[in-house]
Structure formats: structure tokens, C-alpha cells
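Enquirer:
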Amino acid sequence: MSAIPTIAGYALREALRRKVFAVVLLLTAGFLFLYWLANHYLFADVNSLGSPSPAIEPRTFAGAFMVGLAMFSTLFLGVVLAIFLTLGAVRGDAERGLLQPLLVRPVSRPTLLFARWLGAIAVCTPYVIAVYATAVVITGVTGDWWPDHSVVPAIELAAGVAIVAALSLLGSVFLTATANGIAIFMLFGAGLVSGLLGSIGHALNSHRLEHWATIVAWAAPFEALYQDGLREITADTIGLTGYLIQLGPFGGANTGGVPVRLWACAYLVVVGLIASFAFSRRDL
Amino acid sequence: MSAALSVNALEKRYGSTTALGGVDLEVNEGELVGLLGPNGAGKSTLVKIACGLVRPTRGRAEVCGARAGSLDARRQIGYLAELFRFPGWYSADELLALHQRLAGSGGGAAERGELLELVGLADARDRRIEAMSKGMQQRLGIAQALVGSPPLLLLDEPTSALDPVGRRTVRQLLEELQSRGTSVLLNSHLLSEVELVCDRVVILLRGEVVSEGSPAELSRARGIEIETDEGTQIHEGTREDVPRLVAELVAAGRQVYGVRVLTSTLEDTYLEAVGGETS
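Those protein sequence lines, which keep their order, are chains A and B. Counting with the working numbering, you get residues 1 to 284 for the letters of the first sequence. Counting with the working numbering, you get residues 1001 to 1279 for the letters of the second sequence.
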């Protein structure tokens, strides 16, 4: 077990040195600037135009929509980072000859995999939390609107990215770096699409669409956590405003709560066990 | 006492391809064994099984009595792969420190300094690996393999990127390790190198041992070439037969101008064993 901090530190250092990290930081700065600009203009219009209906609270509607958009963008950037830090961790590194010198040391393969995951999430999860928190503060300061719950969505976004990192590590046992990157991005995209379909099903009262979207969200729990986080930001918002937010793309169609969070933990363990088993049997 | 490396009826198959077809091999304590064979003979597979990177299909490999690949076995080995790479952003010193932590070596800065000195990289201690030549990286790889003073060293083509001076440095290093009692399995294409440093040579062909012995045993006598006034003739015999043969020729009235004892080199034996096969 003493090898875990050593290898996690190795992975962390590798992550911070990669150009992709600098690119993500640059993109993040650009995104946050645009996000501030969008908030600035949106809330200026909300203040001047007022509400189309007395039953709708425009500031809440605009704020929830913007923070929902920020959550989507944050998840996307976090996932990009997680995938690029892990996509070649096993097969990619083995093909480049980086893995063998580490594996002939008295370090078990599951330990190495776990440490690589820790190294990746040590970069991704603080990043996701920081971007989300900055976006919430921008909306709060610019539009004077704050989410009903702020902490749980942050944790759920971070957990979603941690799950994607684990899936990417699992994929790296079987696939080359490029193939794995494509596969995990497609899986992530499929999860997002199913979430949107769930929202459409909710708006149109299509139970079968909602049902299948829920199944996909549980099969890819990063999506379920994201949906749950979206739901949390307006969990206490009631009336027509709350209903309309729920119908939108950032409404959090699937209610998850504690069961989804527990399932996400179990899912991580299962992915870790499968990856460890497969890695242990792999010739390098 | 168990051998540093003991391999019994070891088999490895990749689908329908047989990489190793029942190999028996031992590397005893302090012994330096050279592993020869054409490309695809199974040399790297054998070394990889010994250090736990590849799982055998059948048979057994043990390192100092522990099953190859187990944590106990991996505590006893140092390994340099044929195709290896170290993270370019590490300095030589940082890389060795990383491997010290992973190997559980308490040698600290003194061990790192000694190893860098041993491979001629004392001046490159703080140089980043990405700024090193391939030869320097290979020497650093050897230093990395020596972290924690493992009793068994598995070296897969350790001199492939080295210039003649670098090769001599490695040869001297291997002799030094031999004198310290370290066992070495050296996988190399350089027959002259193997002939110079190894106690024993094992030749693999298509996953099987086809010849084995000391370099001297494998370098057999091929006759005696004698040049006389009637021309050059090759006579059967060894060095000990030279005085008798010359005396007989002189007695028969021949004038002897030159005598040469013919021996087959390791290269001849190798080529004979592998039948000119290259891949």
C-alpha cells in the first residue's frame, strides 16, 4: 500500500505537466469570461424587461438555466481532462515502454491502477469543483440568484468525473489510447443524449422514454449524478417557475437522490474490480 | 539453496503461436548467463515471464524460490526492458528516487550517487531524461535496474543503443556485478559481448533450447591447417596434436611453412544451431 502515494504522485505530476492541462485551463478561463458576459447581459435584460407572467419568477428561471448550463460545461471540461489523463494508462503506456519498469517493482497491478485513478481525480475533481463554484459565484453576484443547494451538485459533478476516469482506466486495459478516448467520449455523449431524451419524455409525458433514459442514466451513473445535481439546484423552487425549469434541458429530469449516490459508489467499486481483474491477466 | 532463476518446462502460447515450447533453464547464484537466439526465438518472452510481465501457459518459473511474478519474486529482480522509456520530465536522480521508493530501497542519495557513478552518469544527475541521448538513457536504465541491489538482474539487450565505449563500460559493470555475487540473465544479439562476459550461453530457437554450455565448450576445435611445400592441408586433431603432425610431415620430407589451429567461434556454433535463421 505504500506504493499508492508514490504512484499517485507520479500520475499527478504527469497530469500537471501535460499540455492538455494547460489547454483546459486556457479554455476554462475563456469559458468563465463568456459565462460572466452571458450572465451580465441576461440579467440586465431580465431586470429591464420583467416577467412575461406574474406566476414566473424570471430571475430564478434565468439563474437556474445559467447554472445548469455551467454544470453541463463543467462536466464536459472535467470529463475531457479525466479522459486525457487516463486514456493510455495501461495499454498506451505499455506500448510506449513506460509501464514495464514500474510493474516489475513489488507493486501489485490493482495498486498501480488505483493509484493512477487517485492521481487523475486529484487533478480533475478540484478542477470541477473550482469551475462550478466560480460559475455559481458569477451568477450569484451578477444576477443575485443562488442555487437552492450548492454543495451537493458540486460533489455530484466531481463524482461523475471520477466515474468517467475509472471507466477510462478500465478501457485503457483493453484498448489503445486513441480507441479508448473515442469509446469513452462516445459513452459520455450517449449518457448526455439519454438525459436530454429523458427531459423530453418528462415534458411530453412519455413514460417509456423516461423509463429508458433512467435505465441508461443508471448504467452510466455519471449522467444520473449530473441529472441529480441539476435537480438539486432548484430542489426547493416550486410553482410554475419550478415546473418550467424541470421541463427544460437543465431541469434534471431523473430524480436520483441517495439511491443514485449509493449506486455510484458501488459502480466505482465494480468498475475497479473488473479493471483490476482484467489488468492482472494481461500480458505486457 | 535455490537458484536465482529456475525455469522448468516453461511454455507460452499466443493463440496458435508457440513462443516458448517447454524451456528448462537455471541461473545460479553469481552466474552470468547469456541468452542467444534469432528474433522471435522467445528470449524476451522468457525474460518477461521471469519478471512477471507475461503469464506462462504451462510450466514454472521461480526467482530465488518464489513464483515468478509474485511480489516476493519481484523484490529479488532488477530489469531493463529491450524497449523502455522513462518519463522525460524526470531527472536521473528523481527517476532513481522513484524506483527506490517502489523497490523499498533505503539506500537514499548515497545509493543513487553510487549507481550513477557506476554507469558513468555522475555528471548528469540533475539532467532531465528528455535531454539525454539514447545511450545515456540506456545506462540510466541499467542504474535503475540495480536499485536496491537485486540478487537477479534481467537485462534485455542492454547495450543495443551504446557506442563501443558504452559497451565496454557495461561489460566492466557486469564483471563487477559478477564479482559481487549478482546473478545475471543477459539477452543480447552481440555474440562477442556474450562470449566475453558470460559464464554460460543458452541458445534458443523457436521457443526451445537448442544448445547450451560455456563459451569455451561451444567453441569447438575444427582441425589443424598446415602449410607445406605441397600446399595447404587441413588435418584432424586439436592443439595437442600439432607437434606430432609436424614431426610426421618433416619425417616424410615435407617442408613446413605454417601451422594454424582451427576453432569454431561462438558465432559459428550459433549459426550452426539456428541454421541461419534470422526471424
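Idealized CB from N, CA, C, for every residue including glycine. It should be emphasised that the depicted structure is a prediction, and the values quoted were computed from it without experimental measurement.
In terms of alpha-carbon separation, which member of Leu1025(B), Ala1003(B), Ser1002(B) lies closest to Leu1010(B)?
Expert: The residue given as residue 1010(B) occupies position 10 in the second sequence. If we check each option's Cα against that of Leu1010(B), Leu1025(B) comes out closest.
Enquirer: Count the other CB atoms, across all protein chains shown, that sit within 10 Å of the CB of Val141(A); report buried if there are 16 or more and exposed otherwise.
Expert: The residue labelled residue 141(A) in the question sits at position 141 within the first sequence. It is exposed - the Cβ of Val141(A) has fewer than 16 other Cβ atoms within 10 Å.
Enquirer: Could you check whether the stretch 114-122 of chain A touches the stretch 130-148 of chain A, counting it as contact only if at least three pairs of C-beta atoms, one from each stretch, sit closer than 8 Å?
Expert: no
Enquirer: Alpha carbon to alpha carbon, what distance is there between Ile1077(B) and Val1119(B)?
Expert: Counted from its first residue, the second sequence places residue 1119(B) at position 119. Counted from its first residue, the second sequence places residue 1077(B) at position 77. The straight-line gap from Cα to Cα measures roughly 18 Å.
Enquirer: Rounded to the nearest angstrom, what separates Arg1055(B) and Val1027(B) at their Cα positions?
Expert: On the second sequence, residue 1055(B) is found 55 positions in, with the first residue counted as 1. On the second sequence, residue 1027(B) is found 27 positions in, with the first residue counted as 1. C-alpha separation (whole angstroms): 20 Å.
Enquirer: So, does the stretch 184-194 of chain A touch the stretch 142-159 of chain A, judging by three or more C-beta pairs under 8 Å?
Expert: no
Enquirer: Against chain A, does Ser1279(B) count as a neighbour if the rule is that its beta carbon must be under 8 Å from one of theirs?
Expert: Start at 1 with the first residue of the second sequence, and residue 1279(B) comes out as number 279. Below a pLDDT of 50, predicted positions are generally treated as unreliable, and Ser1279(B), at 48, falls in that range; the measurement from the model is reported next regardless. Output row for Ser1279(B): interface = no.
Enquirer: Just to confirm before moving on: does the CB-CB distance between Tyr10(A) and Leu1098(B) stay below 8 Å?
Expert: As a working mapping, residue 10(A) is identified with position 10 in the first sequence. As a working mapping, residue 1098(B) is identified with position 98 in the second sequence. Yes, Cβ-Cβ distance for Tyr10(A) and Leu1098(B) is below 8 Å.
Enquirer: Got a sec: which bits of the stretch 1033-1063 of chain B sit with their beta carbon under 7 Å from any beta carbon on chain A, in order along the chain?
Expert: Cys1051, Gly1052, Leu1053, Val1054, Arg1055
Enquirer: Hey, out of Ala1252(B), Val1261(B), Gly1231(B), Arg1239(B), whose CA is closest to Glu1225(B)'s CA?
Expert: By one-based count along the second sequence, residue 1225(B) stands at place 225. Among Ala1252(B), Val1261(B), Gly1231(B), Arg1239(B), the Cα nearest to that of Glu1225(B) belongs to Val1261(B).
Enquirer: Check whether the stretch 1127-1147 of chain B and the stretch 1091-1107 of chain B are in contact - that is, three or more C-beta pairs closer than 8 Å.
Expert: Enough Cβ pairs lie closer than 8 Å, so yes.
Enquirer: Exposed or buried, what is Ser1279(B) when buried is set at 16 or more other beta-carbons lying within 10 Å of its beta-carbon?
Expert: Taking the second sequence and counting its residues from 1, one reaches residue 1279(B) at position 279. Confidence at Ser1279(B) is low in this model, with a pLDDT of 48, below 50, so the placement of that residue should be treated as unreliable; the coordinate-derived value is given next. Ser1279(B) sits exposed, since fewer than 16 C-beta atoms from the chains shown fall within 10 Å of its C-beta.
Enquirer: Going residue by residue through the stretch 1050-1089 of chain B, where are the continuous alpha helix (DSSP H) segments of at least 4 residues, counting only ones entirely within it?
Expert: Listed in chain order, they are 1071-1074.
Enquirer: Leaving out five residues before and five after Ala1019(B) in sequence, what residues of the same chain have Cβ atoms less than 6 Å from its Cβ?
Expert: Along the second sequence, read from residue 1 onward, the residue named residue 1019(B) stands at position 19. The answer, listed in chain order, is Lys1012, Gly1042, Thr1045, Gly1207.
Enquirer: Between the C-alpha atoms of Ala213(A) and Ala177(A), what's the straight-line distance to the nearest angstrom?
Expert: The residue given as residue 213(A) occupies position 213 in the first sequence. The residue given as residue 177(A) occupies position 177 in the first sequence. If you take the alpha carbons of Ala213(A) and Ala177(A), they lie about 29 Å apart.
Enquirer: With DSSP run on the structure shown, which of helix, strand or coil describes Asp1229(B)?
Expert: Counting from 1 along the second sequence, the entry for residue 1229(B) is found at position 229. In the three-state scheme derived from DSSP, where H, G and I count as helix and E and B as strand, Asp1229(B) is classed as coil.
Enquirer: Mind listing the chain B neighbours of Gly97(A)? Cutoff is C-beta to C-beta under 7 Å, in chain order.
Expert: Taking the first residue of the first sequence as position 1, residue 97(A) is located at position 97. Result: Ala1081, Leu1083, Phe1084, Arg1085.
Enquirer: Under 8 Å, Cβ to Cβ, is there at least one residue of chain A near Leu1102(B)?
Expert: For the purposes of this step, residue 1102(B) is identified with residue 102 of the second sequence, where counting begins at 1. Yes, contact with chain A.
Enquirer: What residue does the beta strand (DSSP E) around Gly229(A) start on, and which one ends it?
Expert: Position 229 of the first sequence, counted from the start, is the residue given in the question as residue 229(A). Segment 221-233 is the alpha helix (DSSP H) holding Gly229(A); no beta strand (DSSP E) there.
Enquirer: In whole angstroms, what separates the C-alpha of Ala1081(B) from that of Gly1223(B)?
Expert: In the second sequence, the residue the question calls residue 1081(B) occupies position 81. In the second sequence, the residue the question calls residue 1223(B) occupies position 223. Straight-line spacing of the CA atoms in Ala1081(B) and Gly1223(B) works out to 41 Å.
Enquirer: Below 9 Å on C-beta distance, what does Thr287(A) contact in chain B?
Expert: Residue 287(A) is absent from the model: chain A starts at 1 and stops at 284.
Enquirer: Answer yes or no: does any C-beta atom of chain B fall closer than 8 Å to that of Val104(A)?
Expert: On the first sequence, position 104 is the one that residue 104(A) refers to. It does: the Cβ of Val104(A) has a partner Cβ on chain B nearer than 8 Å.
Enquirer: So the beta strand (DSSP E) Val1261(B) belongs to, where does it begin and stop?
Expert: Along the second sequence, one-based indexing puts residue 1261(B) at 261. Start and end: 1256-1263.
Enquirer: DSSP on Ser1091(B), reduced to helix/strand/coil?
Expert: Counting from 1 along the second sequence, the entry for residue 1091(B) is found at position 91. Note: Ser1091(B) maps to strand in three-state DSSP.
Enquirer: Could you tell me the alpha carbon to alpha carbon distance between Ser1264(B) and Ser1219(B), rounded to whole angstroms?
Expert: Along the second sequence, one-based indexing puts residue 1264(B) at 264. Along the second sequence, one-based indexing puts residue 1219(B) at 219. Their Cα atoms are separated by approximately 5 Å.
Enquirer: In the DSSP assignment, find the unbroken alpha helix (DSSP H) run with Glu1272(B) in it and report its ends.
Expert: As a working mapping, residue 1272(B) is identified with position 272 in the second sequence. Start and end: 1266-1274.
Enquirer: Using the beta-carbon count (16 or more within 10 Å), is Ser48(A) buried or exposed?
Expert: Position 48 of the first sequence, counted from the first residue, corresponds to residue 48(A). Burial call: exposed.
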